[in-house]
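Enquirer:
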Amino acid sequence: MAVQEARQGASGGAQGGPRGARSGPRGAHGGGCTCGDCPHGARAGHRQAVAAFLLKRDGFAAGEGLPAGVAHSASASRQWVSEELTQSAELVAERGRAEGEAWLALLWRRTAITVWALVVLLLLVQALTAIGAGWTTARTAGLLAALVLAVSLTTASWFHRTRGGALAPVIGEDNRLSTSRAVAVGWVLFVAYAVLVLVGRLAAASDHAERDALLSGLELARGAGVVTVLAVVCGIAVLVRRVVGLRVLGQRLQKSRADRPRAADLLADDAGRGTFADIQYVVISTVSLMFATVRLARRPDQLPDLPWGLAVVVLVSAGTYLAGKYAEGGRPVILSVVRAREAGDLDGPIRTGDDVEIRGAGFVPPGAQGADRLSRMVVRIGAVNVRVPLVPVTGGFSNPTDSVLTVPVPVDVEPGRVEVQVVTAAGVETNRYQIDVTE
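Read in order, the letters of the sequence shown are residues 64 to 502 in the working numbering.
Here it is as structure tokens:
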């Protein structure tokens, strides 16, 4: 009752801003913008919500802002602070989703501009290299092939303009850029460009011998390395999606949705930490594509004959990436549950109303360190679901953490042997751990 009364009296002013923003016109982002499709307004609104949340969190961490109705009780003040931060974090998450949607809607124009900028760059390179050597049919075919791909990608960008434009195929279900799909798309576009170059040269060829030479350039013996790499990277992209999906459904991998995709997703895990498997796959694939591009420029009359040594290097890199996907993740686990003891407390058994400390691993999924995700964590003690309280400290939270959770044992828990189980923000359940609760 004290917590409810204090929240009604003291949090009304603190919550007035966010609630007012929610009850305003639909699409208002804050920051002076009320246009429902303006990414600048969405970004400003998100930044304001984050700044307000950080100010509130650090204030609570310093002991400021607590109403007198709950200040006398450590458990009541902790519950009040946790729920205040949870409500503020929900607003931050809402603004973050709005910014992500607006950013994706704007991205399709940027991808289209980038594609046409690459076409212009190709034209400039061809014009510079043609000085002295003269303009050739191969240069015309290369430019026309680039125009065909640019028109196709621009059209695809428009049809997927709400999902990131040309980047839509490489955005995964968790709203992050997929490394395996990005590598596969890179090889697919390169092979398509190489075939279009040969098509252009074949259409312009008037001599039978030249046409026969161009057709022989498509034989498997000459492009076996490129074809093998293309088949493997495309198979890896499909297989990784299947592997990740099955591991998530089997609760052996925790996935959390991102607000929007970022370029760093290609080289990092869901928590933003660089991973060896992803980095080496992107680096080796990029270097191999550069070699194949130079080879195509030197021999535009055939598919790039990627040396088998380099092709095997790409295959080893792809295998390493796939093995990394199998190795990552793991189910969260409870190792022990003990009675939390403060300074001056006497040792004793776990009783209703006491705090228990749950020790284990994997409680916080990668990428779920935000307060809105942490507040979704639940501990089942017997038949009672207990929300894990947020305990702020300057710069973050001391509870919950990836290896330790502290929750109170509710009075509704029946004395005796009960089971404890943690449900993470990703919905994954840990093992069941039995404890004895006394009156």
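For every residue, glycine included, the Cβ atom is placed at its ideal position computed from N, Cα and C.
Could you tell me which of A112, L148 and V357 sits nearest to L129, measuring between CA atoms?
Expert: Your numbering for residue 129 matches position 66 in the sequence shown. The residue with the shortest Cα to Cα distance from L129 is L148.
Enquirer: Nearest to G445 by CA position, among G159, H109, L117 and R495, is which residue?
Expert: What you label residue 445 is simply residue 382 of the sequence shown in a count that begins at 1. For G445, the nearest C-alpha among the options comes from R495.
Enquirer: Taking 7 Å as the threshold (C-beta atoms), are V233 and S241 in contact?
Expert: As a first step, residue 241 is located in the sequence shown; it is residue number 178 there, counting from the start. As a first step, residue 233 is located in the sequence shown; it is residue number 170 there, counting from the start. Taking 7 Å as the Cβ cut-off, S241 and V233 qualify as a contacting pair.
Enquirer: On the criterion of 16 or more Cβ atoms from any shown chain inside 10 Å, does M353 qualify as buried, or is it exposed?
Expert: In the sequence shown, the residue the question calls residue 353 occupies position 290. Looking at its Cβ environment, which holds fewer than 16 other Cβ atoms inside 10 Å, M353 is exposed.
Enquirer: Looking only at its own chain, which residues have a Cβ that is under 8 Å from the Cβ of F116, when we skip the five neighbours before and after it?
Expert: Reading the sequence shown from its first residue, position 53 is the one you call residue 116. Excluding sequence neighbours, F116 sits near L148, S151, A152, L154, V155 and A434.
Enquirer: Comparing alpha-carbon positions, which option in E502, G479 and P471 lies nearest R141?
Expert: On the sequence shown, residue 141 is found 78 positions in, with the first residue counted as 1. Closest in alpha carbon position to R141, among E502, G479 and P471, is P471.
Enquirer: Within the segment 430-502, note down every full beta strand (DSSP E) run reaching 3 residues or more, in order along the chain.
Expert: 441-444, 447-450, 454-456, 459-462, 467-471, 479-486 and 496-501
Enquirer: By alpha-carbon positions, which one of L167, S351 and L216 ends up nearest to R226?
Expert: In the sequence shown, residue 226 corresponds to position 163, counting from 1. In terms of CA proximity to R226, L167 leads the group L167, S351 and L216.
Enquirer: Give the secondary structure of R402 by DSSP, where H, G and I count as helix, E and B as strand, and everything else as coil.
Expert: For this step, residue 402 is matched to residue 339 along the sequence shown. Three-state result, R402: strand.
Enquirer: Please report how far the alpha carbon of P452 lies from the alpha carbon of P463, in whole angstroms.
Expert: Residue numbering aside, residue 452 sits at position 389 when the sequence shown is read from its first letter. Residue numbering aside, residue 463 sits at position 400 when the sequence shown is read from its first letter. Their Cα atoms are separated by approximately 7 Å.
Enquirer: Let me check understanding here. Comparing Cα to Cα, which of S138, P412, V258 and R362 lies closest to P478?
Expert: The sequence position of residue 478 within the sequence shown is 415, counting from 1. Out of S138, P412, V258 and R362, P412 has the C-alpha closest to the C-alpha of P478.
Enquirer: Would you list the residues sitting across from G335 in a DSSP beta bridge?
Expert: The residue you call residue 335 lines up with position 272 of the sequence shown. Answer is none; G335 lacks a bridge partner.
Enquirer: Applying the 10 Å Cβ sphere with the 16-neighbour rule, what's the burial state of Y389?
Expert: Indexing the sequence shown from 1 puts residue 389 at position 326. Exposed.
Enquirer: For A268, name the three-state secondary structure that DSSP assigns.
Expert: Within the sequence shown, residue 268 is the residue found at index 205, counting from 1. Three-state DSSP puts A268 in coil, outside helix and strand.
Enquirer: Can we say the segment 370-386 touches the segment 318-330, given the rule of at least three CB pairs closer than 8 Å?
Expert: Taking 8 Å as the limit for Cβ pairs, the verdict is that the segment 318-330 does not touch the segment 370-386.
Enquirer: The ligand NAP and A255: does the residue's C-beta get closer than 6 Å to at least one heavy atom of that ligand?
Expert: Judged by which ligands are present, the structure shown has none, so any question about the ligand NAP falls away.
Enquirer: Considering only their Cβ atoms, is the gap separating A381 from V289 smaller than 7 Å?
Expert: The residue you call residue 289 lines up with position 226 of the sequence shown. The residue you call residue 381 lines up with position 318 of the sequence shown. No.
Enquirer: Which of helix, strand or coil does DSSP assign to I194?
Expert: What you label residue 194 is simply residue 131 of the sequence shown in a count that begins at 1. Note: I194 maps to coil in three-state DSSP.
Enquirer: R305 lies in the beta strand (DSSP E); which residues open and close that run?
Expert: The residue labelled residue 305 in the question sits at position 242 within the sequence shown. Run containing R305: none in the beta strand (DSSP E); it sits in the alpha helix (DSSP H), L283 to L312.
Enquirer: Report the rounded CA-to-CA distance for G90 versus G104, giving the unit in angstroms.
Expert: For the purposes of this step, residue 90 is taken as the residue at position 27 of the sequence shown. For the purposes of this step, residue 104 is taken as the residue at position 41 of the sequence shown. Residue placement at G90 cannot be trusted, given a pLDDT of 43 that sits under 50; the coordinates are not used to answer.
Enquirer: For V357, which three-state DSSP category applies?
Expert: If you number the sequence shown from 1, residue 357 lands on position 294. Annotated three-state conformation of V357 is helix, per DSSP.
Enquirer: Flag Q497 as yes if its beta-carbon sits less than 7 Å from any beta-carbon of chain B, otherwise no.
Expert: The chain labelled as chain B is not found in the depicted structure, where only one protein chain is given.
Enquirer: Residues bridged to E420 by DSSP?
Expert: Counted from its first residue, the sequence shown places residue 420 at position 357. Per DSSP, V401 and T469.
Enquirer: Going along the chain, which residues of its own chain have a beta-carbon closer than 7 Å to the beta-carbon of D328, five neighbours each way excluded?
Expert: Translated into positions along the sequence shown, residue 328 becomes position 265. Same-chain partners within the cutoff: R239 and L240.
Enquirer: Using a Cβ-Cβ cutoff of less than 6 Å, which residues in the same chain neighbour P429 once the five nearest sequence positions on both sides are dropped?
Expert: Position 366 of the sequence shown, counting from 1, holds the residue named residue 429. Result list for P429: D332, D333 and A334, in chain order.
Enquirer: When the Cα atoms are used, what is the spatial distance from T356 to L281?
Expert: As a first step, residue 356 is located in the sequence shown; it is residue number 293 there, counting from the start. As a first step, residue 281 is located in the sequence shown; it is residue number 218 there, counting from the start. The straight-line gap from Cα to Cα measures roughly 16 Å.
Enquirer: Short of 6 Å in beta carbon distance, which residues of its chain neighbour V486, apart from the five on each side in sequence? Order them along the chain.
Expert: The residue labelled residue 486 in the question sits at position 423 within the sequence shown. Once the five neighbours on either side are set aside, the close Cβ partners of V486 are V441 and E492.
Enquirer: Can you give the beta carbon distance from A213 to H223, rounded, assuming they're within the 8 Å contact cut?
Expert: Against the sequence shown, residue 213 aligns to sequence position 150. Against the sequence shown, residue 223 aligns to sequence position 160. The Cβ separation is near 16 Å, so there is no contact.
Enquirer: Pick from R480, A137 and F339: whose alpha carbon is nearest that of R414?
Expert: Within the sequence shown, residue 414 is the residue found at index 351, counting from 1. Selected option, being the one with the closest Cα: R480.
Enquirer: Rounding to the nearest angstrom, what Cα-Cα distance links R285 and R422 in this structure?
Expert: Counting from one through the sequence shown, the residue named residue 285 turns up at place 222. Counting from one through the sequence shown, the residue named residue 422 turns up at place 359. Roughly 59 Å between the two C-alpha positions.
Enquirer: Using DSSP's beta-bridge definition, name the partner residues of R414.
Expert: Residue 414 sits at position 351 when you count from the first residue of the sequence shown. Paired residues: T501.
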